[in-house]
Amino acid sequence: MTLSRRIYFDHAATSWPKHTDVLDAMDRYARDCGAASGRGQYQSANMADGILHSARLGLSRLIGSPTAESIAFFSNGTQAINAAIGGIVRDGDHVVTTAAEHNSVLRPLSHLAETRNVTLTIVDCDHDGVVQADDVLDAVTGSTRLVAVTSASNVTGAEQPIQAIGSGLRSRASTAAFLCDAAQTLGYLPIDVQACGIDLLAAPGHKGIGGPQGTGFLYVSPSWHDEVTASVFGGTGSQSESLAMPTTMPAKLEPGNLNVAAIAGLDVAVKQIASRDDAVYSETLLSVAHQLNDGLRGIKSIRVFGQPSRLPIVSIAIDGFEPTDLSAILDSQFSIETRAGLHCAALIHKAIGSAAAGTLRISGSASTSRAETAAVIEAVRQIADSLG
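Oh and the sequence shown: position 270 is 257 in this note's numbering, straight run, nothing missing.
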């Protein structure tokens, strides 16, 4: 299927277009290799193993992991988060999270609160969607097993104080694990799990990293390798004589065949990040964020939620338009693709004061051109002006 001219502003959902080298790597694996990883000693199986090792190594370098074995692959970021939560939290534990979180965090935690007597504390965020580090740290008790915080809101782009929370947990000698949902920042902004005191980091491969859908991963700090337990069980290609899952990372979290074709694309995308000029990239990304924020905030008849950040994610509302209707008009009349609604993060909307219907989210990337950004600003201006 070929679509007509598109102006894509839904990068917070998934990045597009994918680099041709990413697509070529996926095609090359499917056509020339196609073997399962960890299931054979023949040449093509070894090639599949090599793809996984290369991707693990690249991701470990990207986030500052001390070992490649700390990286476990999943089919998306949500499954990685579920593996972290399900693998760490035990019956009766206390968990701290925030109102800025995506449902990929809130729903599994809510399920555990309902089914396993887990006590859940949800720390509020301010009117801009930002969580205060001290509020998170003050919610931690001696029985807290997990602290789960997103690196940035998928609704407003508000960056959260991850390093302050991580260092605060360490300085208070907390025994809680610190889980970071890096879905909206990884690949866009630098992060170092050791410097930030992050014990668990989950992310998809298809957003800021630029890999294909069907990829995600979980980082588990070596100090938590023995603590995390499997929540999905099956064959791993190793220790097959045992009916129990392997006890070592990453095999203990990777039952079944992995999506090697998608991971091949992810591997290339991570290599592209490693080879880029970070200073130039950061300047380009910030330029898109500034142009988008300044342009939209200059339209007096619309509401812009939150404050500008380094991420080109902006949520708006126009009185008289439902966000879904506004998104439909942008698509049908201007060929501009955006996201409308609650964005799977309902709690933050109460804090930022958006309506029950949510917001229109406009999200770009470093690949977004100035002309595209100008086009979406002008389109929103025209729609707002049509109300008189």
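Glycine included, every Cβ here is placed at the ideal spot set by N, Cα and C.
Discussion item. Using a Cβ-Cβ cutoff of less than 7 Å, which residues in the same chain neighbour Met13 once the five nearest sequence positions on both sides are dropped?
Written reply: Pro199, Ala248, Ala249, Ala251, Gly252
Worksheet item: What are the partner residues of Ser47, as DSSP defines its beta bridges?
Response: Paired residue(s): none; Ser47 is not in a bridge.
Worksheet item: Does the pairing of the segment 19 to 39 with the segment 155 to 169 give three or more beta-carbon distances under 8 Å?
Response: Counting Cβ pairs under 8 Å, fewer than three are found: no touch.
Discussion item. Classify Met(-12): buried if its beta carbon has 16 or more other beta carbons within 10 angstroms, exposed otherwise.
Written reply: In this prediction, Met(-12) has a pLDDT of 48, which is less than 50 and means its spatial position is unreliable; nothing more can be read from the coordinates.
Discussion item. I need the straight-line Cα distance from Asp121 to Arg159, nearest angstrom please.
Written reply: 12 Å
Practice prompt. Please name the residue, chosen from Ala362, Gly73, Asp372, Val367, that lies closest to Arg(-7) on a Cα-to-Cα basis.
Written response: Minimum Cα distance to Arg(-7) is reached at Ala362.
Worksheet item: Is the segment 81 to 92 touching the segment 229 to 246 in the sense that three or more CB pairs, one from each, lie closer than 8 Å?
Response: Fewer than three Cβ pairs drawn from the segment 229 to 246 and the segment 81 to 92 lie within less than 8 Å of each other, which leaves the two stretches out of contact.
Item to complete: Flag this pair as touching only if the segment 90 to 106 and the segment 264 to 273 have three or more C-beta atom pairs under 8 Å; answer yes or no.
Response: no
Practice prompt. Within the same chain, show all residues whose beta-carbon is closer than 6 Å to that of Asn63, passing over the 5 residues directly before and after it, in chain order.
Written response: Pro191, Gly203
Worksheet item: For Thr360, which three-state DSSP category applies?
Response: If DSSP states are grouped into helix, strand and coil, Thr360 belongs with the helices.
Practice prompt. Just mark Phe292 as buried or exposed, buried being the case when its beta carbon has 16 or more other beta carbons within 10 Å.
Written response: buried
Worksheet item: Between the Cα of Tyr206 and the Cα atoms of Val219, Gly221, Ile185, Gly195, which residue gives the shortest distance?
Response: Ile185
Practice prompt. Run the CB neighbour count on Thr325, radius 10 Å, all protein chains shown included, and call it buried at 16 or more, exposed below.
Written response: With 16 or more other Cβ atoms within 10 Å, it is buried.
Discussion item. Across the segment 65 to 77 and the segment 37 to 57, are there enough close Cβ pairs to call them in contact, namely three or more that are closer than 8 Å?
Written reply: no
Worksheet entry | Cβ contact (3+ pairs, closer than 8 Å) linking the segment 271 to 285 and the segment 330 to 337 | no
Worksheet item: Hey, out of Glu214, Asp254, Phe321, whose CA is closest to Pro237's CA?
Response: Glu214
Worksheet item: Nearest-angstrom Cα distance between Leu240 and Gln66?
Response: 11 Å
Discussion item. Going by beta-carbon coordinates alone, are Cys183 and Gly153 separated by less than 9 Å?
Written reply: Yes, these two residues count as a Cβ contact at 9 Å.
Fill in: Rounded separation between Ile263 and Ser302 - CA only
In the sequence as presented, Ile is not what sits at residue 263; that position holds Arg. Arg263 and Ser302: Cα-Cα distance of roughly 29 Å.
Discussion item. Within a Cβ cutoff of 7 Å, which residues of the same chain sit near Leu317, ignoring the five residues on either side of it in sequence?
Written reply: Ile323, Thr325, Ala366
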